[in-house]
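Undergrad: Keeping their order, the protein sequence lines are chains A and B. Using numbering that gives the first Met the number 0, count along the first sequence one by one with no gaps and you end on 911. Using numbering that gives the first Met the number 0, count along the second sequence one by one with no gaps and you end on 350. Below: one structure in structure tokens.
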Amino acid sequence: MANADCIVIQGSNMAECHPVGFQWVAEAKARGARVIHIDPRFTRTSAIADTHVPVRAGTDVVLLGAIINHVLSNDLYFHDYVVAYTNAATLVSEDFVDTEDLDGVFSGYDPRTGAYDSESWAYQSRAEPQVPDQEGGIQGPTGDEPDAKTRAHAGGHTLGASGAALEHAQVVRDETLQHPRTVFQILRRHYRRYTPEMVRDVCGIPVEQFHEVARAIVENSGRERTTCFAYALGWTQHSLGAQFIRAAAILQLLMGNMGRPGGGIMALRGHACIQGSTDIPTLFNILPGYLPMPVAGEHDTLEDYLASIASPLQKGYWTEAPAYTASLLKAWFGDAATPDNDFCYDYLPRLTGAHGTYQTVMEMLDGKVEGYFVVGQNPAVGSAHARMQRLALGQLRWLVVRDLQLIETATFWKDSPEIATGELRTEDIRTEVFFMPAATHVEKAGTFTQTQRMLQWRHQAVTPPGQAQSELDFYYELGRRMRERLAGSTDERDRPLLDLTWDYPQDEHGEVDGEAVLREINGYHLTGDRAGELLSSFTEMRADGSTSGGCWIYTGVFAGGVNRSANRVPRDQQDETAAEWGWAWPMNRRILYNRASADPQGRPWSERKKYVWWDEEAGRWVGKDVPDFPADRDPSYRPAPDQGGPAAISGDDPFIMQSDGKGWLFAPKGMVDGPLPTHYEAQESPVRNPLYTQQRNPGRLVYPRKDNLWSPSGDEPGSDVYPYVFTTYRLTEHHTAGGMSRWLPYLSELQPEMFCEVSPELAAEVGLENGGWATIVSARSAIEARVLVTDRVRPLTVKGRTLHQIGLPYHWGIGRDAVVEGDSANDLLGLVLDPNVHIQESKVAACDIRPGRRPHGDALLRLVEEYQSRAGITAVTGNERLDEVTPEMAARRAAAGSGQQAPAPDETEGEG
Amino acid sequence: MGYLARQLAGPTDPAPDAGWTEAPERKGFFTDTSICIGCKACEVACKEWNALPLDGLSLSANSYDNTGGLGASTWRHVAFVEQSQDRIAQARESGRRLVELGMPGVGAPPARREAMPPAPVDGHGPDLRDMLAAANATTVEGTPVVGPLPDFRWLMASDVCKHCTHAGCLDVCPTGALFRSEHGTVVVQADVCNGCGYCVGACPFGVIERRSDSAVSVRGDGHVPDVGVAQKCTLCYDRLTDDQTPACAQTCPTTSIRFGTREEMVAIARERVAQLHQQGFTEARLYGANDDDGVGGTGSVFLLLDEPEVYGLPPDPVVPTAKLPEMFRTAGLAGVGLLGAAAVAFLGGRR
């Protein structure tokens with residue numbers, strides 16, 4: 000980031016939530032970079048930025064789409080980069096129909112399941128008949144590969160990071176970008192209506208300010224300059240969050256800002272090792288290294304499973320998934336894993352649907368979940384619809400909470416607000432709660448993987464007090480005891496546990512050696528001359544069981560027997576890339592896809608942005624970083640048509656993990672709610688979608704339940720009952736749900752009480768006083784907060800109408816063990832999820848605000864009910880996937896495979 | 000200037016003046032508020048290292064400042080100031096005028112400063128006016144930086160004891176609890192202080208304070224140490240003796256707080272203010288870097304983005320003891336006069 004000429008921070012409050020990483024923004028600024036912060040509130044990030052752009056929460060696709068339209072319409076994109084390195088020139092199937100033509104849905108939408116069949120979004124393959132070559136641009140011979148079409152499974156949880164497989168990379172391209180079915184022209188048509196005036200009317204951003212932002216990005220992109228984007232949960236926590244990020248990716252590709260120093264999109268992770276917990280996941284739907292979790296009925300054999308990850312004819316390194324998978328299974332099951340038993344592939348659990356945290360909680364309420372481990376998380380405060388979370392905990396038989404403090408999740412049975420309202424009675428709760436004290440980060444050794452994919456080894460400073468244990472010790476001990484219990488069992492279902500490699504050395508204090516685990520993750524040669532040696536690269540992994548490795552992207556972290564995550568060469572003893580500080584996956588690369596930092600011939604785009612380039616004499620890629628490309632692949636290399644995998648990567652295919660080697664402006668597969676980001680209003684929005692009849696994302700996951708009601712949307716009757724928008728966020732002084740800060744006196748005194756931030760205008764309208772109390776009521780619950788009246792929150796003018804936004808930090812909860820307590824903003828939120836990643840929409844919702852404290856006891860429930868009845872809402876309202884369209888449009892949709900047709904009653908696996 | 004005169008006012012090196020032989024170079028802070036992100040890590044690191052008690056758990060409803068100010072249990076304090084566009088324009092203009100008048104130092108009224116020498120102190124970086132002569136509104140790379148005047152801004156600034164060259168608290172301390180360290184800093188010895196409170200009134204910045212019994216312990220046993228005793232920042236004397244950086248500077252994520260020899264701090268501060276002016280941010284000015292001000296310059300220097308009063312800092316701090324000779328002279332004269340009058344009355348009475 001320090002190398003950026005312009006930094007756009009959008010959907011993130013970086014200075015407050017990532018203060019340490021923010022030093023690089025400060026560094027860039029000191030070098031002369033322009034810093035723009037786009038956010039509903041003026042925050043501590045805005046205070047340091049050159050420009051703050053207030054935006055209506057949830058409208059980012061309109062702003063980004065309008066910038067995309069601006070650069071396309073005015074030919075301001077980086078032409079050479081776009082033609083060579085993106086799929087702009089690639090032709091899309093004739094079957095594809097855009098949202099612009101179907102009033103808000105893409106082709107392939109199934110109204111019954113709310114899911115898309117992405118078949119019509121596919122690239123045109125060379126096997127298909129070609130339209131006449133208008134501009135003489137269509138390249139490549141007509142091949143005759145079979146067009147083996149397999150239906151992409153409609154559910155984000157079934158895809159690893161590779162997205163769905165393309166059958167092959169034999170695509171049709173028109174590098175003049177003129178063909179109407181090129182991605183470039185589709186993009187152009189898709190965003191044509193995203194104008195500065197639309198931005199003004201939807202986002203509340205004045206036209207001049209839009210141009211200021213667009214100009215900053217354009218002037219700071221191209222050969223000589225680069226612009227960087229940074230986002231965090233302000234982009235992800237929406238019912239179309241993944242599409243917000245896609246929109247930024249499209250813009251950054253068009254501007255040539257990917258794979259180059261000072262470019263890219265920085266995904267700011269929320270904690271010290273959240274990146275690590277997706278690499279080696281705590282998520283239900285992926286395995287280490289972004290391999291997908293097998294699905295029951297679809298991936299019954301290893302062969303089926305591997306076929307779903309990559310086709311042998313596609314480009315790039317995902318074709319090596321068999322080697323990554325076999326090595327992973329060898330690392331887990333050791334000698335028990337053999338080629339004959341598919342490396343114990345059958346031991347892996349199978350998905351039978353979505354099993355994310357929210358689905359699990361709803362199942363708890365239905366009495367389907369007996370036990371629950373809560374580790375380093377405080378769902379009773381920190382998860383959306385925290386009320387539902389607490390009520391669900393009371394339905395468990397047993398609950399294990401591992402934390403530093405007696406957090407609210409561990410004390411819900413005596414302290415929760417539902418005890419006060421009478422909804423829960425301590426004597427009726429049958430949940431047995433086990434509290435296991437956890438060691439802090441200074442009391443245990445291990446790695447943190449941060450935002451930049453960098454692993455940094457953490458040495459133990461002191462031993463944990465009392466019974467506190469590290470995670471490693473806890474799980475090792477748990478596994479050891481379970482295996483002891485099961486020893487000698489002949490039951491088939493116990494085999495996976497008994498066959499696990501579970502033999503880590505312990506130190507003199509009985510603590511498991513974290514380096515031994517890191518070595519296992521790195522992987523070994525198991526056979527041949529090098530048996531017992533650590534792998535130095537994932538390219539050494541084999542599918543025949545001769546290698547092991549617990550997470551293929553981490554291979555190399557222990558190359559040569561050296562723990563490279565512990566590298567600590569000071570900055571003054573190495574160059575700016577600082578390759579000897581920590582270790583970044585994969586292969587210690589600091590910038591991914593850095594082949595794109597050179598032009599198609601392998602020369603740096605400019606001296607100023609020189610990073611990795613082709614050394615003709617040496618016949619190698621060289622530069623300031625580890626080249627993210629086959630090291631000796633000549634830029635002029637072109638693969639034969641029948642080649643696949645790494646060998647099929649052309650000399651100018653920088654995006655080596657993509658199945659066609661190109662950056663995807665248009666996603667033919669992988670996104671479950673559309674190949675292009677398009678604007679929908681949030682689940683709860685006071686504004687009608689100006690683009691389509693379709694108000695909300697038709698692919699969002701909805702849960703029609705009595706405890707999950709929604710405010711009426713747009714101008715529907717009753718929408719004035721909850722007239723204000725609220726957004727939730729964090730403060731520097733606290734850490735998420737407070738487990739690491741509300742128990743610390745020094746942090747608690749810095750932000751001692753729950754508050755809401757309102758503009759002076761709203762305060763005057765409603766009668767709120769600075770320092771007084773307010774009650775905030777949503778369609779789910781009501782909370783109270785102290786009032787902070789501030790000019791940092793500004794009313795927006797949207798289509799001539801004044802729109803107020805309210806800010807709510809979410810750090811407080813009710814529990815007597817903490818130094819400070821207060822109502823939880825998350826109680827106000829309902830459950831609606833992004834379909835790609837199952838994240839909740841917690842950055843925008845509707846509420847009312849009134850002066851004074853909230854009622855207590857039963858009266859609180861009455862207040863919420865009174866609002867619900869005034870708004871006329873039920874479990875059904877707001878959960879409709881599609882909005883009513885004209886019969887003509889319905890017919891058009893049906894023709895594009897997006898209508899009610901061909902009933903398939905057996906498919907009832909929807910999310911709602 | 001003679002040894003005695005140097006003791007009370009004007010530029011000097013305080014540690015040798017206090018009798019330290021072979022004193023190390025004078026240490027100080029440079030707090031650059033233009034890159035402060037208001038994270039308050041300095042407040043926490045300070046409290047943590049010095050094991051200070053709590054000041055209370057109440058919301059101030061004054062922006063994000065729930066600390067309020069420096070005190071016996073708060074030795075670093077981050078101020079939060081929300082400002083509208085007209086105020087930014089004024090600050091930009093007043094800062095520009097300060098530079099035209101010479102080195103922006105402790106914000107004495109312009110009329111008084113005209114008499115001050117604007118030239119830089121030897122070795123404290125290039126002359127600010129030379130640096131500004133060449134370009135305007137450009138980055139270090141030469142591209143324009145300053146955008147249109149923003150509608151709004153949110154100032155954040157971490158305040159701390161100034162460790163004055165001429166420290167009022169030290170000068171009036173009757174017990175010797177306050178002393179000048181070899182690093183040129185001013186430190187209280189809690190076990191010597193008798194809680195007389197003279198120092199509290201003598202500090203022109205309102206920094207030092209006696210710990211009240213409303214302070215809340217963070218210790219298991221509930222004990223609050225040093226109640227009634229004067230307390231303030233020691234510039235981490237215990238860390239300096241081990242060649243460690245003070246806790247606040249060590250923890251600051253954006254290098255807004257820097258620590259080093261005072262000479263180096265002043266030089267960096269001058270370069271930074273010049274850079275900001277070059278980029279068009281003429282609101283930037285220094286505070287405490289002028290050795291000719293009322294306290295002989297401060298050990299902690301600041302880069303501010305508005306008048307000192309905006310941050311709760313006195314615009315023209317003067318150490319009360321600066322006027323000591325004058326006061327003694329006046330008092331002496333008065334005494335002599337009184338004696339004379341008494342004598343006249345006496346002699347006259349006899350007549």
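A virtual CB, placed ideally from N, CA and C, is assigned to each residue, including glycine. Quick caveat, the model's predicted, so the values are computed rather than measured.
#1: Is S72 (chain B) closer than 9 angstroms to R210 (chain B) when the C-beta atoms are compared?
#2: With 9 angstroms set as the bound, which would you pick, yes or no: does the beta-carbon of V105 (chain B) sit closer than that to a beta-carbon of chain A?
#3: Closer than 8 angstroms is the cut-off here; do at least three beta carbon pairs connect the stretch 199-211 of chain A with the stretch 23-31 of chain A?
#4: Are R43 (chain A) and M264 (chain B) close, meaning C-beta to C-beta below 9 angstroms?
#5: Leaving out the 5 sequence neighbours to the left and right, which residues in its chain are closer than 7 angstroms to G333 (chain A) when beta-carbon positions are compared?
#6: Could you have a look at R25 (chain B) and say whether DSSP puts it in helix, strand or coil?
#7: Which residues in the same chain as V7 (chain A) place their Cβ atom closer than 6 angstroms to its Cβ, once the five residues preceding and following it in sequence are excluded?
#8: According to DSSP, which residues form a beta bridge with G70 (chain B)?
#9: Does any CB atom of chain B fall closer than 9 angstroms to the CB of G770 (chain A)?
#10: Kindly indicate the opening and closing residues of the beta strand (DSSP E) around A266 (chain A).
#11: Please specify which runs of the alpha helix (DSSP H), each continuous and at least 4 residues long, are wholly inside the stretch 8-60 of chain A, giving them in chain order.
#12: Looking only at its own chain, which residues have a Cβ that is under 7 angstroms from the Cβ of C198 (chain B), when we skip the five neighbours before and after it?
#13: Just checking: is the beta-carbon of W153 (chain B) within a distance shorter than 9 angstroms of some beta-carbon in chain A?
#14: Hey, G669 (chain A) and A379 (chain A): beta-carbon distance below 9 angstroms or not?
#15: For the structure I just gave you, are there three or more beta carbon pairs, one from the stretch 75-85 of chain B and one from the stretch 151-166 of chain B, closer than 8 angstroms?
#16: Buried or exposed for L338 (chain B), please, with buried defined as at least 16 other CB atoms from any protein chain shown within 10 angstroms of its CB.
#17: Tell me which residues of the stretch 65-89 of chain B have at least one Cβ-Cβ distance to chain A shorter than 8 angstroms, keeping chain order.
#18: For the pair the stretch 269-286 of chain B and the stretch 87-98 of chain B, tell me if three or more CB-CB distances fall below 8 angstroms.
#19: Which value, in whole angstroms, describes the spacing of the CA atoms of L303 (chain B) and Y286 (chain B)?
#20: Between the stretch 4-18 of chain A and the stretch 30-40 of chain B, are three or more C-beta pairs nearer than 8 angstroms?
#21: What residues from the stretch 45-56 of chain A come within 8 angstroms of chain B, judged by C-beta to C-beta, listed N to C?
#22: I'd like the list of long-range same chain contacts for T89 (chain A), defined as Cβ closer than 6 angstroms, with 5 residues on each side in sequence excluded.
#23: Starting from the beta carbon of V819 (chain A), find every residue of chain B whose beta carbon is closer than 9 angstroms, and list them in chain order.
#24: Going by C-alpha distance, which of A:Y475, A:E442 and A:L454 is nearest G465 (chain A)?
#25: May I have the straight-line CA-CA distance separating V836 (chain A) from P348 (chain A), to the nearest angstrom?
#26: Output the residue ranges of the beta strand (DSSP E) runs that lie fully inside the stretch 561-627 of chain A and measure 3 residues or longer, sorted by chain position.
#27: Can you list the residues of chain A that C247 (chain B) reaches, using a CB-CB cut of under 8 angstroms?
#28: Are there three or more Cβ pairs, one per stretch, closer than 8 angstroms when the stretch 196-206 of chain A is compared with the stretch 59-71 of chain A?
#29: Tell me which residues of the stretch 24-46 of chain B have at least one Cβ-Cβ distance to chain A shorter than 8 angstroms, keeping chain order.
#30: With a threshold of 16 other CB atoms inside 10 Å of the CB of N73 (chain A), please say whether the residue is buried or exposed.
#31: Under 7 angstroms between beta-carbons, which chain A residues line up against L53 (chain B)? List them in chain order, please.
#32: Using a beta-carbon distance below 9 angstroms, is T244 (chain B) in contact with chain A?
#33: Check V399 (chain A) in the structure and name its three-state DSSP category.
#34: Using DSSP with H/G/I as helix, E/B as strand and the rest coil, what is S83 (chain B)?
#35: Below 7 angstroms on C-beta distance, what does L787 (chain A) contact in chain B?
#36: Cβ of A383 (chain A) within 9 angstroms of Cβ of L828 (chain A)?
TA: Walking through what the data contain:
#1: yes
#2: In this prediction, V105 (chain B) scores a pLDDT of 43, lower than 50, which makes its location untrustworthy; the coordinate-derived value is nonetheless stated afterwards. Answer no: the Cβ-Cβ gap between V105 (chain B) and chain A never drops below 9 angstroms.
#3: no
#4: no
#5: T500
#6: coil
#7: I35 and F228
#8: B:T73
#9: yes
#10: I264 to A266
#11: 13-16, 22-29 and 43-47
#12: C168, V171, C172, L177, I207 and A229
#13: yes
#14: no
#15: yes
#16: exposed
#17: N65, T66, E81 and S83
#18: yes
#19: 7 angstroms
#20: yes
#21: S45, A46, I47, D49, T50 and H51
#22: Y122, V170, R172 and V182
#23: L56
#24: A:E442
#25: 20 angstroms
#26: 611-614 and 619-622
#27: Going along chain A, no residue has its Cβ under 8 angstroms from C247 (chain B), so there is no contact; the nearest lies around 13 angstroms.
#28: yes
#29: I34, I36, G37, C38, K39, A40, E42, V43 and K46
#30: exposed
#31: P744 and E748
#32: no
#33: strand
#34: strand
#35: A60
#36: yes
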